[in-house]
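Data block below; observations after.
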Amino acid sequence: MNQKKHLFGVLFLGLVALVFLATRPKTVVKKEVQAVQSQNSEKSNAVENQPHRLSAENSQRLEGLKKQLTAAQNKNEILGQIAQVFLNESVFDSAGVYFETIANTDGSLKNWSNAGDAYFQAFNIALTQQKVEKNAEKARFCYQKVLEKDPQNLHVKTNYAMTFVKSDSPMKAITMLREVLDQQPDYIPAMMSLGGLSMESGQYEKAVQRFENVLKIDPNNVNAKLGIAYSSIELGKTSVAKDILTQVLKSDIDPIMKDEITKTLNSLK
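Residues in the sequence shown are numbered from 868 upward in steps of one, following the numbering used here.
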């Protein structure tokens, strides 16, 4: 794979996924970032076609929970614990199934949102078009349940919009994200998403502007800095990119992200 395309792929996937990850528990984030990165592996297609193997610890926990489920009076509590096991292993589509089962019996906004979020993460890391479409459709279904009762939910509206990025109607994503920003002009997840979409379409100067607007609100936003850095590389402004990436390396960031940034800096020498 071309080095530039690899670096862009890592960043764009990261921007899309990390818009969501920003609101996730830190204990889950590392595994989720690893799942995002796996898309850039040359063996990704082979891996996706193989059943996911849980760790020995989680396999044992899952087996125990399924036994408890049969006799449990509060089945939703056990189903939630099962879903969490799959979340911890980044098996988001399976987590979505269990969260959706909970939502079908207790249709609270939180339960439908949990299901939508799990399917959205599965959509983000899907490697085949079939899985992209399937998980996008499931995420939209769950998010629509939330929006029917809470149409102003910006988190859900933003993720809902992003499910159209890889569809036949990508402009729908942009339109919906702009609607979110009409509601709340400083809503960073929507701003970041539009920046990522600008990068994907090769509009790097516009991407830089969007990420700079994020930094006006949140000067320490690492993902916005990365967006500017990688857009600057595409614009031929390598010195700007180096300065930003060197600065980001000094931040308290995930080791996986740090490794990617180091690779980028080495490639620019």
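Where a beta carbon is used, it is the ideal one built from N, C-alpha and C, also for glycine. Please read these numbers as outputs of a predicted model, since none were measured by experiment.
List the endpoints of the continuous alpha helix (DSSP H) containing residue i.
i: P1056; result: 1055-1067
i: V1081; result: 1071-1084
i: T1131; result: 1122-1134
i: T995; result: It is not in any alpha helix (DSSP H) - T995 carries neither H nor E in the DSSP assignment.
i: S961; result: 959-972
i: K942; result: 942-955
i: P1037; result: 1037-1050
i: K1024; result: 1021-1029
My assumption, with CB atoms under 8 Å, is that residue i sits in contact with residue j. Please give the rounded CB distance.
i: L1132; j: L1112; result: 5 Å
i: V952; j: N925; result: 5 Å
i: L1135; j: A1091; result: Between A1091 and L1135 the Cβ distance is about 20 Å, and since that is not below 8 Å, they are no contact.
Sort the options by Cα distance to residue i and report the nearest one.
i: S1068; options: E1101, Q1114, S1134, N925; result: E1101
i: N991; options: W979, R1077, A1028, E1079; result: A1028
i: I969; options: N978, K1024, E1046; result: N978
i: F1031; options: K1039, E930, L954; result: K1039
i: Q997; options: K1033, L1064, D1119; result: K1033
i: M1059; options: I1095, D1110, D1119, Q948; result: I1095
i: S1099; options: D1121, I945, A1074, A993; result: A1074
i: A932; options: I949, N943, L921; result: Inspection of the sequence shows that residue 932 is occupied by Leu rather than by Ala. Closest by alpha carbon: I949.
i: M1043; options: N955, L1061, N943; result: L1061
i: N971; options: G1103, R1045, K1012, S1036; result: K1012
i: F1008; options: L994, P1037, L976, T995; result: L976
i: Y986; options: A1003, L1093, R928, L994; result: A1003
i: S980; options: K1005, L994, S957; result: K1005
i: Q1070; options: T1025, Y1097, I1055, P1056; result: Y1097
i: K1104; options: I1128, Y1054, E1072; result: E1072
i: I1084; options: N941, E967, I1055; result: I1055
i: G983; options: K1024, T995, E956; result: K1024
i: E967; options: L994, I1123, E956, N943; result: N943
So, do the region 1009-1029 and the region 1047-1056 have three or more beta carbon pairs nearer to each other than 8 Å? As far as the Cβ criterion goes, the region 1009-1029 touches the region 1047-1056, which means the pair count is three or higher.
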